[in-house]
Every structure is written in C-alpha cells, then in structure tokens.
Amino acid sequence: MLIGGTRRVLSGKAAAATAHRILGLYEERSVLSIFSVKMVEAVEFGLVFCSHGMKFWTIKIIENDRGNSVQGLGRLPTNEEDMELDRQLKLINKAPLKSFQTEYGDIVDCIDIYKQLAFDHPMLKNHTIQMEPRTIPKEVGNGASTVYKYLQYMPKNIKCPPGSVPIKRASREDLIMAKSIKSLGLNYPTNSPYHGKNVDTRGHHSAVLEHTSGNFGARARLSVWNPSVEENQFSSGGMWIANGDVDELTSIQTGWIVHKNSGESRLYTYWTADGYQNTGCFNTLCEGFVHVSPKIALGLVLPHSVVNGSQFDVLLSLHLDRVSGHWWLMLEDKYIGYWPRTVIPVLGGGARFVSWGGQIYSPLNVLSPAMGSGNYPADAIGVNYGKTAYVRQIKVVPDYKDSAKFEDPQLEDIKTWADKPVCYKAQKFVNEVRGWGFQVYFGGPRGCTF
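In structure tokens form, the structure reads like this:
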C-alpha cells in the first residue's frame with residue numbers, strides 16, 4: 006500500500022482489528038485469525054486474507070484520511086460450503102415436469118403445484134390451495150402497464166403442463182445473493198422504530214411515501230430502473246406493508262431489485278414474520294409463499310426505463326382475503342400467489358404501515374449506488390417524467406367491509422420522508438396528472454458515503 010509515497014503493509018493487530026471490524030458488519034463476531042497479508046499493485050489498495058475455522062475471506066482495504074474502510078469483501082469457496090449449498094439447492098429445487106431457459110440464462114421449472122416448496126412449511130402440511138381469493142377489493146386491476154406485454158412469461162412455444170406452476174430454478178448465485186442481502190440487514194423502510202429486532206440500519210437509506218393508518222391492502226404502479234451497483238450493495242424500488250411489534254415485525258415487500266450477483270432489475274418479493282431474524286426469504290427460496298400463477302415466475306428480469314428514453318412501469322397489488330386471512334400478490338390483473346395466514350399471522354388483522362419508494366444499501370465509507378434513475382425528483386411534476394423514478398396510482402384498502410375497494414389515501418395519513426435527504430429525496434404529488442392519482446417521485450445519484 007502506498008501512503009504519502011511510503012509503502013506500508015497492514016499486518017498483525019492492525020490487519021486483524023480492521024478485518025474483525027469489517028466482518029463484524031456481516032455478523033461474523035468470532036475472533037479471526039489473520040494468516041497473511043498480500044500487497045496488490047495499486048496505489049491505495051491492500052488485500053487481506055483471513056480465516057475462521059473452515060471459512061475464508063478476502064478483504065480489499067483502503068486507507069485514507071478517514072481511516073481504514075472496506076472496498077469489497079469476497080468469501081473464498083470451501084468444500085464444506087459447497088456441500089451446504091448443494092444440500093440447500095436439492096431441498097429448494099423440486100423435480101420439474103418440464104423446464105426451459107430464458108434469454109438471460111435463467112432456468113424456469115414447471116413444478117407440480119402440490120409439490121412446490123411452500124408445502125415443506127410445517128404449518129402447511131394439510132393446506133388446501135386457493136387459486137384465487139374469496140374476497141377481492143373493487144378496482145384491484147386497472148389497465149395494463151408498459152411492462153405487461155414485455156414481461157418474461159412462458160415463451161409462446163412452451164407452456165407448463167396443467168397442474169404445474171413456473172418456478173425460477175434456484176442457483177448458487179441466488180442463495181449467495183439472498184444470504185448476502187439478509188446479512189446486510191434488509192429492513193422495512195420507515196422513520197418509526199419498527200425496523201425489526203437487532204437489525205443494523207447503518208448503510209440503509211430510503212426515500213418513500215409512507216401511509217401510517219391501518220389498511221387491508223395496497224397497490225401502485227412503479228417505474229422500473231436498473232441502477233448500477235457494486236459488491237455488497239443493492240438498490241430497489243417497491244412497496245412494503247408491515248405490522249407487529251419490533252420482536253415480531255411481519256412485513257411483505259414487492260417490487261424490483263438490483264444486486265451485483267443478479268446484474269439486472271428483477272421482480273421480487275421478500276417476507277418475514279419475526280423482524281428479519283429467522284423466518285422469510287426472497288421469492289420462492291424458502292417454504293411459505295404459495296405460487297398459483299401458470300404464467301408468471303418470481304425473480305425474472307424486468308424491462309427497465311431509460312432516462313429521456315423508453316419508460317416501463319408495472320402495477321403491483323397486495324391485499325388481504327377477508328375470508329381466509331391470506332395475503333395475495335397480484336401483477337396487473339394476474340394473481341401470482343399468496344402468503345397463508347398461518348405463515349404470517351400478525352398480518353391477519355391487516356397492516357399498520359405501507360411505504361412506496363426506493364431503498365438502497367451500501368457498506369460504510371463506500372460510494373453508494375444510485376437510487377431509481379439516479380436523478381433527484383424536481384418540485385414541478387412536468388420535469389420529472391422520463392427523468393425520475395416514480396410510483397403512481399397509489400391506493401389502499403382502508404376498511405374490512407364487503408364493499409371494500411382500493412381508494413386514494415387520506416392526506417393526513419401520508420407523508421414523504423428521506424432519511425438522508427442530502428443523498429436521496431422523495432417528492433409527492435396529488436392528482437397533478439389525469440389518472441395518475443397519488444404519486445411519489447424518488448431517487449438520487451451515486452456517490453454518497455455514510
């Protein structure tokens with residue numbers, strides 16, 4: 006490492022302390038053994054090799070006037086970890102009736118609907134599948150989005166056999182990404198204390214419109230973007246619902262997300278029933294979410310918008326079936342599936358919070374990724390379209406009656422906030438454009454450090 010013209014190697018206690026601090030962010034609290042320090046031929050980078058038991062890491066360290074900080078962290082594969090990944094993949098990927106590959110290299114399997122991973126959940130052993138909810142709020146679907154006809158449904162020449170559903174085959178990269186994002190402290194974006202027990206929110210930043218009155222459903226049309234991210238970062242746009250005390254925070258989120266391992270903006274869901282501690286996962290990587298759509302697979306690539314170019318958006322809905330207590334996920338006018346009440350019991354009585362907007366994560370002292378399009382929202386709505394990420398046609402289901410429908414939220418129940426407004430912003434508009442209803446524009450450029 007060259008510092009002021011002098012080469013200095015991090016070693017001994019300095020390297021151990023730096024590595025331990027960095028890995029501490031990733032919940033590796035045990036004492037680490039630094040067995041070597043290797044120079045990299047660059048002006049400001051050093052590479053530390055460290056180990057704990059059978060686990061090995063490489064850490065790229067920057068030393069500057071702000072002190073040592075992590076630039077990237079990569080875990081070296083071990084036989085033990087390879088075996089564990091293989092074991093998990095065998096449990097997750099059920100035997101397909103048919104398979105096909107997308108242009109992005111994803112493999113989609115047609116899985117017997119009764120043999121999908123959801124039913125490995127101990128609470129769903131005798132579960133009866135619902136193909137659609139028994140109660141549906143009025144105006145649940147309203148027109149087709151610009152994404153709709155471009156989405157990766159089943160290719161026209163390949164269809165899943167009757168009685169099966171399309172499930173994106175889990176890969177090692179999927180498992181590594183899911184574990185990485187969970188270890189980074191995925192959380193519900195709110196300025197209230199309801200983040201989840203022991204969730205480290207450092208490095209997480211949000212710019213959202215939040216609804217803080219009880220509700221039984223939410224929907225919105227989100228523009229899709231594909232911001233560039235680095236290792237151990239993510240950038241997302243979506244909708245989050247939540248209820249419960251900190252210890253048992255139950256949350257469902259859906260939208261689009263970009264992570265380094267995925268490389269593209271993808272349709273995603275994530276859920277937890279215990280404050281992001283032990284339950285929940287992305288998409289269909291664990292038991293719990295019951296997939297019923299014969300045409301839509303979670304985790305597939307979405308077409309994305311381009312600044313001053315083509316704009317793509319997608320209508321997503323979450324709502325409670327009053328009869329069964331299940332929460333349903335809908336894309337446009339198509340039901341993808343549901344989370345049974347026995348899996349997320351705290352949400353059986355409705356949601357306490359809903360948020361729409363953007364969220365990013367970046368390690369401390371590392372340049373943050375862009376949120377949304379990478380542009381700040383302007384005060385004048387006419388300046389925003391085509392330049393800034395948006396969520397429009399925002400609606401909620403405010404009551405539990407037979408006549409329940411998706412309605413505009415009450416002004417006193419909503420507010421915009423951004424926890425780091427110098428980096429990311431949110432700006433709301435109400436009925437400024439015909440048919441767009443309540444809207445929030447959000448985003449910000451790459452380059453902040455926290």
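Just so we're aligned, residue 6 is where the sequence shown starts under the working numbering, counting upward by one.
We put the beta carbon where it would ideally sit given N, CA and C, even for glycine.
Taking 7 Å as the cut-off, decide whether the C-beta atoms of residue i and residue j are in contact.
| i | j | result |
| --- | --- | --- |
| Gly342 | Phe294 | yes |
| Ser240 | Asp318 | no |
| Ser233 | Val312 | no |
| Leu102 | Ser169 | yes |
| Met244 | Ala223 | yes |
| Gln444 | Tyr395 | yes |
| Ser360 | Pro194 | yes |
| Asp410 | Lys143 | According to the sequence displayed, residue 410 carries Lys and not Asp. Yes, they are a contact pair. |
| Gly354 | Phe447 | no |
| Pro368 | Gly208 | yes |
| Glu412 | Pro426 | no |
| Met128 | Thr347 | yes |
| Asp125 | Lys173 | no |
| Gln121 | His264 | no |
| Thr421 | Leu214 | yes |
| Phe434 | Ile365 | no |
| Ala100 | Glu292 | no |
| Asn248 | Arg357 | yes |
Quick one: Cα of residue i to Cα of residue j, how far?
| i | j | result |
| --- | --- | --- |
| Gln76 | Val371 | Low confidence applies here, because Gln76 scores a pLDDT of 40, under 50, leaving its location unreliable and the question unanswered by this model. |
| Val113 | Ser104 | 6 Å |
| Ser185 | Asn237 | 7 Å |
| Leu352 | Lys400 | 18 Å |
| Glu137 | Tyr340 | 7 Å |
| Gln282 | Arg439 | 43 Å |
| Lys43 | Ala423 | Note that Lys43 has pLDDT 33, beneath the 50 cutoff, so the model's placement of it is unreliable and no number is given. |
| Tyr405 | Arg327 | 7 Å |
| Ile116 | Pro345 | 19 Å |
| His331 | His324 | 8 Å |
| Asn98 | His309 | 28 Å |
| Met376 | Gln398 | 21 Å |
| Asn436 | Thr107 | 39 Å |
| Gly58 | Glu337 | Confidence at Gly58 is low in this model, with a pLDDT of 39, below 50, so the placement of that residue is unreliable and no value is reported for it. |
| Ala225 | Gly219 | 17 Å |
| Ala212 | Pro167 | 43 Å |
| Ser329 | Ser315 | 41 Å |
| Lys164 | Lys300 | 8 Å |
| Thr217 | Asp91 | 43 Å |
| Thr133 | Gly452 | 50 Å |
| Tyr119 | Tyr273 | 22 Å |
| Leu321 | Trp333 | 11 Å |
| Ala383 | Ile246 | 27 Å |
| Tyr109 | Ile349 | 33 Å |
| Gly242 | Ile262 | 7 Å |
| Asn131 | Glu85 | 35 Å |
| Gln2 | His210 | Since the first residue of the chain shown is 6 and the last is 455, residue 2 is not available in this structure. |
| Asp407 | Phe221 | 12 Å |
Between which two residues does the beta strand (DSSP E) harbouring residue i extend?
| i | result |
| --- | --- |
| Gly260 | 255-264 |
| Arg226 | 222-228 |
| Ile349 | Premise fails: Ile349 is in no beta strand (DSSP E) and is neither H nor E. |
| Gly387 | No beta strand (DSSP E) contains Gly387, which is instead part of the alpha helix (DSSP H) from 386-389. |
| Ile341 | 339-344 |
| Phe105 | 103-106 |
| Val297 | Segment: none, Val297 is in no beta strand (DSSP E) and carries neither H nor E. |
| Arg207 | Unbroken run through Arg207: none, as it is neither H nor E. |
| Leu272 | 271-277 |
| Ala375 | Premise fails: Ala375 is in no beta strand (DSSP E) and is neither H nor E. |
| Thr284 | No beta strand (DSSP E) holds Thr284; DSSP gives it neither H nor E. |
Locate the alpha helix (DSSP H) running through residue i, then write down its first and last residues.
| i | result |
| --- | --- |
| Asp87 | 84-97 |
So who's on the other strand from residue i, going by DSSP bridges?
| i | result |
| --- | --- |
| Trp361 | Leu214, Met244 |
| Glu137 | The partner list for Glu137 (beta bridge, DSSP) is empty, contrary to what the question assumes. |
| Leu325 | Trp332 |
| Gly448 | Lys430 |
| Ile172 | Asp114 |
| Met128 | None; Met128 has no bridge partner. |
| Ala394 | Phe447 |
| Cys318 | Note on identity: in this sequence residue 318 is Asp, with Cys being the wrong assignment. Paired residues: Ser228. |
| Tyr366 | His209, Phe239 |
| Thr421 | Leu214 |
| Lys143 | Lys410 |
| Val401 | Ala223, Glu412 |
| Val306 | Arg271 |
Q: Answer yes if the stretch 168-187 comes into contact with the stretch 385-397, meaning at least three C-beta pairs across the two stretches below 8 Å, and no otherwise.
A: These segments do not touch.
Q: Check whether the stretch 303-313 touches the stretch 283-293, taking contact to mean three or more Cβ pairs, one atom from each stretch, closer than 8 Å.
A: Yes: at least three Cβ pairs fall under 8 Å.
(Q) Would you call the stretch 263-274 in contact with the stretch 412-424, where contact means no fewer than 3 C-beta pairs closer than 8 Å? (A) They do not touch, by the three-pair rule.
(Q) When you compare the stretch 425-433 with the stretch 250-264, are there three or more beta-carbon pairs, one atom per stretch, that lie closer than 8 Å? (A) Taking one beta carbon from each stretch, the stretch 425-433 and the stretch 250-264 have fewer than 3 pairs nearer than 8 Å; the two do not touch.
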